[in-house]
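Protein chains in written order, with the working numbering: chain A, 1 to 330; chain B, 331 to 539.
Contents: one structure, followed by commentary.
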């Protein structure tokens, strides 16, 4: 069974084609095109314009790379939410148009769940706690009572957004995460940045204010980056460990764009080792926002009898992780 | 004769003895994933703060273990052993009526803590032990002192989330927690209620009504 997935929740328009291979996800193609603002952060309308411009190109490339003809696709999946309205609408429009013209079933996918399912489909984990860290989202998700439930999340901004905001303040380009990671390697001094964990939730705005003050007072940018990573990632690792202890699961999965950060990976891996748990992370191009994860989740949903009628395929900016009835899992 | 009875995310509980009494040693474990300096700073300050909070909770009339000894350098608190059952497990076994009674009592106790400016910081049903007909509050490890409505709201919101995730089939029971809270709390309950709603809306992707 083959599926085309179209992703467009924020800065990325992506198209991926995957095959259902005995319960495993075989990625045939995964084309990603990211909107890069000239300055500042993501402007939703400009990002949507970018997606409209490149949607057909990435979809065509996805078919070419996968060596699959459009008629051979069994299901078309799209990111229904959560995300930025204009971006979601653009991707959804492309999916609806293809569904109608090819006469193929449509499935609306929850973006956060797709980050978890692609990990289950492409790594050896079965029932993990997912630490999902990206620009807009920071959640600790696990399966419980038929749904993916959020056990911990950020109380203010996503960790990626936090890194980008700090980066912008220090005149670094967008996305700032990878640059901060590089600068952090030459940092040595741990600055007193407030550590904020509340139960299984985290907060970043206090860290941001404190780091900005250090920057204003002339602290070295390397030490700021180093301290911010050490404190913020330790907090994320701690809430993930708390959630694992709370729900009693011994697998941890990373997902989202920030999951590419090697220091964060190292911390979560050490945490897993120390508690005798297993650590998993999909390849980089499946960590970031991508079409393959949407395609894969779409296949799982479709196989369990789920389908989204065109007239019910509204996008949902606030699509919650725990709203989806996870029929494809026992 | 010491043995580990529980290994949590951040600490180990060791069954021990203190001057002939059954005791629990709570040892905050060093985490290799975080920087050494940050690790000790967090463990030491949490140990100190927790001991203070437990002591204050008892003064507020809320069931909590008696503190026997505090050792900051080893990040260890030795305290009374509470024989009983976790409220998390208890709730899935008892009748609806009993559940309601437990939830009300839970709410009253939380209000008593808040009345004295004690914020538990990690209100989940795993951190409550039912013993001798009373609900003991344990693990004040993420607690703090505050008189702010905001902090009380966040405290209660955590428990609300715990009910939504861990006790999803009894999510409505949280209403009884609030009923109990209302009975006992000194501040204007409508302010707490409003705060709780406000905090819920702060969570990401909440439906606005």
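Backbone N, C-alpha and C fix where the C-beta goes; we use that ideal spot for every residue, glycine too.
Please read all numbers here as calculations on a predicted model, not as lab measurements.
Contact criterion: CB-CB distance below 8 Å. Does residue 237(A) meet it with respect to chain B?
Taking 8 Å as the threshold, the shortest C-beta distance from residue 237(A) to chain B falls below it.
Using 8 Å as the Cβ pair cut-off and three pairs as the minimum, do the region 300-316 of chain A and the region 105-113 of chain A touch?
Because the criterion of three Cβ pairs below 8 Å is met, the region 300-316 of chain A and the region 105-113 of chain A touch.
Alpha carbon to alpha carbon, how far is residue 199(A) from residue 452(B)? Give it in angstroms, no decimals.
Taking the straight line from one Cα to the other gives about 5 Å.
Residues in the region 360-387 of chain B having any Cβ partner in chain A nearer than 9 Å
Here the close residues are 361, 362, 363, 364, 365, 367, 368, 369, 371, 372.
In chain A, which residues lie with their C-beta within 9 Å of the C-beta of residue 532(B)?
Here the neighbours are 155, 156.
Taking the beta carbon of residue 539(B) as the centre, do at least 16 other beta carbons fall within 10 Å, making it buried, or is it exposed?
In this prediction, residue 539(B) scores a pLDDT of 30, lower than 50, which makes its location untrustworthy; the coordinate-derived value is nonetheless stated afterwards. The residue is exposed, with fewer than 16 neighbouring Cβ atoms inside 10 Å.
Helix, strand or coil: how does DSSP classify residue 42(A) here?
Three-state result, residue 42(A): coil.
Outcome for residue 336(B) when other beta-carbon atoms lying within 10 angstroms are tallied against a minimum of 16:
Counting Cβ neighbours within 10 Å, residue 336(B) comes out exposed, since fewer than 16 surround it.
Min CB distance residue 144(A) to chain B below 8 Å:
Nearest CB-CB separation between residue 144(A) and chain B: below the 8 Å threshold.
State yes or no: is the beta carbon of residue 471(B) nearer than 8 Å to at least one beta carbon in chain A?
For residue 471(B), the answer is no, since every Cβ of chain A falls outside 8 Å of its Cβ.
Endpoints, the alpha helix (DSSP H) within which residue 509(B) is located
504-514 is the span of the alpha helix (DSSP H), which, as asked, contains residue 509(B).
Inspect the beta-carbon positions of residue 267(A) and residue 363(B) and report whether they are closer than 8 Å.
Between residue 267(A) and residue 363(B), the gap from beta carbon to beta carbon is short of 8 Å.
From 402(B), 339(B), 508(B), residue whose alpha carbon lies closest to that of residue 441(B)
It is 508(B).
Contact residues within the region 193-224 of chain A, judged by C-beta distance below 7 Å to chain B
From the region 193-224 of chain A, only 195, 197, 198, 199 have a Cβ closer than 7 Å to chain B.
So residue 310(A) and residue 96(A) are supposed to be a Cβ contact under 8 Å. How far apart are they, rounded?
Contact between residue 310(A) and residue 96(A) is confirmed by a C-beta separation of about 6 Å, below the 8 Å threshold.
Kindly indicate the opening and closing residues of the beta strand (DSSP E) around residue 409(B).
406-410 is the extent of the beta strand (DSSP E) around residue 409(B).
Which runs of the beta strand (DSSP E), 3 residues or longer, sit entirely within the region 114-142 of chain A?
Complete beta strand (DSSP E) runs here, min 3: 129-133.
Kindly indicate which three-state DSSP category residue 204(A) falls into: helix, strand or coil?
In this structure, residue 204(A) counts as coil in the three-state DSSP scheme.
Does DSSP put residue 538(B) in a helix, in a strand, or in coil?
Unreliable positioning characterises residue 538(B) in this predicted model, as indicated by a pLDDT of 42, which lies under 50. The coordinate reading is nonetheless provided below. In the structure shown, residue 538(B) sits in coil (DSSP, three-state: anything other than H, G, I, E or B).
Indicate whether the contact test is met: 3 or more Cβ pairs, each with one atom in the region 348-358 of chain B and one in the region 395-411 of chain B, closer than 8 Å.
Touching, per the Cβ criterion.
Return the residue from the list 339(B), 448(B), 527(B) that minimises the CA-CA distance to residue 389(B).
Of 339(B), 448(B), 527(B), the smallest CA-CA separation from residue 389(B) is found for 448(B).
For the ligand PLP, is there a heavy atom less than 7 Å away from the beta-carbon of residue 360(B)?
Although the ligand PLP was asked about, the structure shown includes no ligands whatsoever.
Is it buried or exposed, residue 45(A), if we count other Cβ atoms within 10 angstroms and call 16 or more buried?
So residue 45(A) counts as exposed.
Taking the alpha-carbon positions, what's the residue 286(A) to residue 118(A) distance?
In a straight line, the C-alpha of residue 286(A) is about 7 Å away from that of residue 118(A).
Does the count of Cβ pairs from the region 53-61 of chain A and the region 5-15 of chain A closer than 8 Å reach three?
Contact between the region 53-61 of chain A and the region 5-15 of chain A is present, with at least three C-beta pairs closer than 8 Å.
Pull the bridge partners of residue 357(B) from the DSSP assignment, please.
Residue 357(B) is bridged by DSSP to 342(B), 406(B).
Residue 180(A) versus residue 30(A) - alpha carbon distance
Rounded to whole angstroms, the separation of the alpha carbons of residue 30(A) and residue 180(A) is 27 Å.
Coil, strand or helix - residue 325(A) by DSSP:
Residue state, collapsed to three classes: coil.
Simplified DSSP assignment, three categories, for residue 14(A):
In this structure, DSSP gives residue 14(A) an extended state, which the three-state scheme calls strand.
Among residues of its own chain, excluding the 5 on either side of residue 223(A), which ones have a beta-carbon nearer than 7 Å to its beta-carbon?
Listed in chain order, the non-local C-beta contacts of residue 223(A) below 7 Å within the same chain comprise 187, 188, 189, 191, local neighbours out to five positions each way being set aside.
With distances taken Cα to Cα, identify the nearest neighbour of residue 525(B) among 512(B), 382(B), 481(B), 429(B).
Nearest option by C-alpha distance: 481(B).
In chain B, which residues lie with their C-beta within 7 Å of the C-beta of residue 241(A)?
By Cβ distance, chain B contributes 339.
DSSP-derived helix/strand/coil call for residue 392(B)
Residue 392(B) falls in the coil class under three-state DSSP.
Please report the Cβ distance between residue 82(A) and residue 319(A), rounded to the nearest whole angstrom; I am assuming they are in contact, meaning their Cβ atoms lie under 8 Å.
At roughly 4 Å, the Cβ-Cβ gap stays under 8 Å, so residue 82(A) and residue 319(A) are in contact.
Which of the three DSSP states is assigned to residue 280(A) in this structure?
Strand.
At the level of alpha carbons, what is the spacing between residue 292(A) and residue 282(A)?
Rounded to whole angstroms, residue 292(A) to residue 282(A) spans 12 Å at the Cα level.
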